[in-house]
Every structure is written in C-alpha cells, then in structure tokens.
Amino acid sequence: MEERGFLGKLAAIVPGLAMMVLTLYLLKQVVEPWLAGVAVFGQKGYITKSIGLNYVLMSILVGMAYRNLLFRGRIPDWAAEGFRTTRLFIKTGVIMLGSLYTIQSLAKVGGLAIALIVAFVFGTIFFVMWMGKKLGMDRSMVGVMGAACGVCGVSAAIATSPGVKAKPAEVALAIATILGFGIMSMFITPPIGRALGLSDYQFGAWVGTGILNSGQVLATCLSFNPAIAPGTAVAYGEIWNVVRVISIPFVVFFITLWYWRGEAKEEHMSLWGILKSKFPIFVLGFFGMTALSSFDMLGKEGSETLHMLRDWMAWIFGIGMVGLGAYIDFGEIKKAGGAPLKIGVAAGTLKLVLSLVIILLFIGKEASF
Amino acid sequence: MSAEDKKKALTVFKTDRHEDVAACFFAGLAVVIVLSYMAFFLPSVTIKAPVDGKLTEIKVKVGDTIAEGQPLYVYETKKKKFVQGQMQETAVTETFKSKTPGKVLSLKLAAGEAFKKGNGLLVVEHVKGTLP
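These protein sequence lines map, in sequence, to chains A and B.
The opening residue of the first sequence carries number -5 in this note's numbering; numbering runs sequentially from there.
The opening residue of the second sequence carries number 4 in this note's numbering; numbering runs sequentially from there.
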C-alpha cells in the first residue's frame, strides 16, 4: 500500500466508518424502537425485553453479517481502514466509562475483585499450559493461548506474541478461537443470568471474570441491561474487566519468562522494560476519567451533563460493536479447529462455570458500592 | 509497516500504543466538547426524570429563581431490593433537588401525573459557566 499523507489516511477511514455509523443509527433510532413496539405472544416489547435483542446485540449480528455474508469473509479495501477504527472506539468508550466510578467506589471493589481475577487469570494460564503439554502443542502457541484465555483475548494475545516468537497464523488462531468461544458466551450468558435471577452486580462480576474479551464483556453486559449508569451490569463488568486488563504486562512477563526458560535461551527483559512497552495506557485514561468524576468535574451524579456524556458513550460503544461483529470471521473460526479449539473451549467453559459457581456462593446480590 | 502487515493489523495506527494514545485523546476531546457545550452554549436545561414514578408535589413555579440543592419536586417511585434471595418492591417517596441554579421557564407535568425515566419534568434557564 502506498504511503498516504494525514489527510489521505483520514479520507481512507471515511467510507468504512460511515457504514458503521449509519448501521448503528438505523439500529438504535429506527429498528430498536420499532421492535420495542411489536407484540409477540400478546406482549408488547417481548423481543427487546425477554429475548434481550437490543441495538447492541443487533449491531454485532449485523457486523457479522457484513463480514461473512455481504463481504464473503473479507472486508473490502474501500471499507477496511474504517473498520480498523473499531478498537479505537471500544478503547475510547472504556476510558469514558471511567466517569461511572469514583475513587471511593473503586477502593471498595478492590480487594475482592483483585483476588478473584488474579486467581482466575493465573489459574487459566496454568490450565492452558498443562493441557497444551498433554496435546503436544508448540510452546509459542501455548504461550499465546495462555495469555488469550487468561486475560483478555485479542490484546493479551498480541502483547504476548513477540515475547514467545509466535507466528502471525498462531496469533490469528488464538484470537479466532477465543472470539468464537466469546460469541457463544455472548448469546448464552444473558439468558442464564436472567434465569438464575442474577443481579447486575453478580452478572457483571461473572461476565467480567469469565468472558475472555473486553469488547465481548461489554456487549454481554449491555445485552443483559442496556443502561449505562453506576449500578448497572456494564459498570460492574467493566471494573472487573479493567482490573484484568491491568494484569496484561505481568502476564506477558510471566509467559515470556516461561517460554524462554523452556527454550533454554537467555532473554534479558526487565519487568520495567515490559511495563514500559506493553502496559495498555488507555487504562490510565480510564483512571484519569475516574479522578475527574471523583471531584465532580464532569457534573454531579444524575446531572444533565453526565446524561449527555453517557449518551455519547453509548454511541461510541455502538460503533465499536458493529466493527467487533465485522471482525468475527466464520472461516477463521473453522480454520482454528483442532488443538487450539479444544483448549479454548475447555479453558473458557471451565472459567465460565467456575466463576459462576464462586459468584453464586460468595457474591451477594447487592454491591458494596 | 508493509502492505501485507497492514492488511493483518487490527488498527489504523502504527502500533497498539499509538491507538491507546489516540483513544485517550478522543475521550478527552469528547469530554471537552460536552462540558464546553453544557457550560457555555446550552440556552436552557430540561431536567429529566431519574426513574419511573409519579409526581406528588411540585415545589417551584414558573418564574422562580432556584439555587443548587433546592428541592424541586416530590415523587413516588418503586425501589427494588434483594432481601434473603427474594426481590422486594417497596413504594418510596423521594425529593428531587436541583443540580443547577437558574430560573424556572416552564413546568412540563402537573402533580398527580405519572412519568417514565428520561421524561422532561421542568425547563430551567441555564446560568452560563455552570455545569447543569
């Protein structure tokens, strides 16, 4: 691809981005209100309330349809640059989510969330390493799968790959496998949560611990409860998820050490070096936003300013959800079959079930914040 | 980045780190736009209902000047709470206090009327430089 200037790059983003924005606009402003008025089994709003088919889920489904049906497996060049802004929107939304919390509320969630997440992250990594050895997989593939299953899919897999010298195909396989499992989780966890009568707090904690990918945690929480406000599933799920994302540099460090020890090679990487090059700094933006909110600099809780900020957040996330769907390629998931699929499904299912059991046993319906 | 690498990349930026910085910038920009609009350009503030409920008493009238923290209306709403594994619903009466100073321009509902979360209840003239 020839080098373009700044304006050229910006222009290349426009068509794909316009497609995502237009899709979201139609789903959020036209389709969802229409579905909310449709009566099924004599009940108005059955589709949106009981099935939970809101604009978030529809955005992902339409994104998937674009990739797999309309584009036949490959986003065309005219739209590709625009769709590549997907993670930018998701990260921007996560930063803005910081406005839902105050330092006081984060201090309260701290101990329990950190203990649970550290146990689950490293427990999953050890499980993947053990299973990878049993199935005779490449150490580099096991390293990437461990990070992907333990922390949060795409970013952890990508962050770990240089340290374990993973090939691009291995990274793609790991990502496809965990995204595949995540899609399944996205559709089955909200009905399970409703059937078990989980509160927003419990559902957020479960999904934030059990689902492997940040975007999918977000989408699942929003499909359980589309409201974005303190005390909703997305507020709890994301705080759990952010604690998990913070562990990325430590996980990368741990897996890299494990890989190189096994390869009997010397690699001089300091913890500071890993932190400097791998730490996901958008997480700092999240905490910056929380600091602003703690000092009431974004308007008081319940104020019109915060309402407007949350409206913007919903749109930013929505665009990210259309893009997220468009990165789900059925062909890649099919190709990822075999050992990675077995490990991904085993680790994912175990994590999802175990975290549900722990949450049902030890986490109350109501949050302490 | 080669053309082939670019095709595989999940981001329009050179690296994930650049994408993180851009995300911080965009979030900051969104906040600055919203706060500037709300503080300096918004002509009037429509105060919306925080939950579903029913107005029982309106404590202000059109033309009144209100201060931050002043009670505006009393409403009845249902609170859901988990008690010993059971969802309990209780009717509670709450007072909505103003988050913003200003002059009441209009009242959208009368006492006794029901409202849904997000419905406009009253319109207040916005004092420039404050966050409503």
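Even for Gly, the Cβ is constructed at its ideal location relative to N, Cα and C.
For clarity, every value in this text was computed on a predicted model and none was experimentally measured.
| Asked | Found |
| --- | --- |
| DSSP state of residue 25 (chain A), grouped into three classes? | helix |
| Along the chain, which unbroken stretches of the beta strand (DSSP E) at least 3 residues long are found entirely within the region 13 to 37 of chain B? | none |
| DSSP state of residue 120 (chain B), grouped into three classes? | coil |
| So, helix, strand or coil for residue 46 (chain B), using DSSP? | coil |
| Indicate whether at least one CB of chain A lies closer than 8 Å to the CB of residue 14 (chain B). | yes |
| Starting from the beta carbon of residue 276 (chain A), find every residue of chain B whose beta carbon is closer than 7 Å, and list them in chain order. | 23, 26 and 27 |
| Note down, in chain order, each residue of its chain lying with its Cβ closer than 6 Å to the Cβ of residue 87 (chain B), except the 5 sequence neighbours on either side. | Reliability fails at residue 87 (chain B), whose pLDDT of 49 lies under 50, so the model's placement of it is uncertain and the value that follows must be treated cautiously. Contacts found: none. |
| Measuring alpha carbon to alpha carbon, tell me which of A:95, A:279 and A:247 ends up nearest residue 266 (chain A). | A:247 |
| Strictly under 8 Å for the Cβ-Cβ distance: is residue 96 (chain A) near chain B by that measure? | no |
| Should residue 194 (chain A) be labelled buried (16 or more other beta-carbon atoms within 10 Å of its own) or exposed? | buried |
| Starting from residue 112 (chain B), find everything on chain A with Cβ-Cβ shorter than 9 Å and list it in chain order. | Those do not exist, as residue 112 (chain B) stays about 17 Å from chain A at its closest Cβ, beyond 9 Å. |
| Which value, in whole angstroms, describes the spacing of the CA atoms of residue 240 (chain A) and residue 312 (chain A)? | 24 Å |
| Could you spell out the range, first to last residue, of the beta strand (DSSP E) harbouring residue 284 (chain A)? | Here residue 284 (chain A) belongs to no beta strand (DSSP E); instead the alpha helix (DSSP H) covers 276 to 288. |
| Quick test of your reading: residue 42 (chain B) and residue 133 (chain B), contact by CB under 8 Å. State the CB separation rounded to the nearest angstrom. | 7 Å |
| Whole angstroms is fine: what's the gap from residue 118 (chain A)'s alpha carbon to residue 76 (chain A)'s? | 34 Å |
| Would a check of beta-carbon distances place residue 154 (chain A) closer than 8 Å to chain B? | no |
| Find the nearest neighbour of residue 106 (chain B) within the set B:80, B:77, B:48 and B:120, judged by alpha-carbon distance. | B:48 |
| Roughly how many angstroms lie between the CA atoms of residue 198 (chain A) and residue 354 (chain A), to the nearest whole one? | 12 Å |
| Select from the region 59 to 73 of chain B all residues with a C-beta closer than 7 Å to any C-beta belonging to chain A, and list them in chain order. | none |
| By the three-class DSSP mapping on this structure, what secondary structure does residue 98 (chain B) have? | strand |
| Assign residue 4 (chain A) to one of two classes, buried (16 or more other C-beta atoms within 10 Å of its C-beta) or exposed (fewer than that). | exposed |
| Relative to the C-alpha of residue 319 (chain A), which residue among A:56, A:0, A:8 and A:34 is closest? | A:56 |
| Closer than 7 Å by C-beta to residue 316 (chain A): which residues in its own chain qualify, once you throw out the five before and the five after it? Chain order, please. | 14, 17, 18, 53, 56 and 57 |
| For residue 229 (chain A), count neighbouring C-beta atoms within 10 Å of its own C-beta (all shown protein chains included) and say buried if the count is 16 or more, exposed if not. | buried |
| Do the CB positions of residue 86 (chain A) and residue 222 (chain A) come within less than 8 Å of each other? | no |
| Can you round the beta-carbon distance between residue 232 (chain A) and residue 91 (chain A) to whole angstroms, since I take them to be within the 8 Å contact cut? | 5 Å |
| For residue 175 (chain A), is the classification buried or exposed, using 16 other Cβ atoms within 10 angstroms of its Cβ as the cut-off for buried? | buried |
| For the beta strand (DSSP E) containing residue 60 (chain B), name the first residue and the last one. | 56 to 61 |
| Taking the alpha-carbon of residue 122 (chain B) as reference, which of B:55, B:59, B:77 and B:18 has the nearest alpha-carbon? | B:55 |
| Counting only Cβ pairs nearer than 8 Å, list the residues of chain B close to residue 238 (chain A). | Chain B residues near residue 238 (chain A): none, gap ~16 Å exceeds 8 Å. |
| So that I know if they touch, is there some Cβ in chain B lying closer than 8 Å to that of residue 232 (chain A)? | no |
| Distance, Cα to Cα, residue 64 (chain B) vs residue 52 (chain B)? | 17 Å |
| Does any residue of chain A bring its CB to less than 8 Å from the CB of residue 34 (chain B)? | yes |
| Spell out the partners DSSP gives residue 77 (chain B) in its beta bridges. | B:60 and B:98 |
| Does residue 131 (chain B) pass the burial test, meaning 16 or more other C-beta atoms within 10 Å, or should it be called exposed? | exposed |
| Would you mind working out which of B:112, B:37, B:24 and B:80 sits nearest residue 126 (chain B), comparing C-alpha positions? | B:112 |
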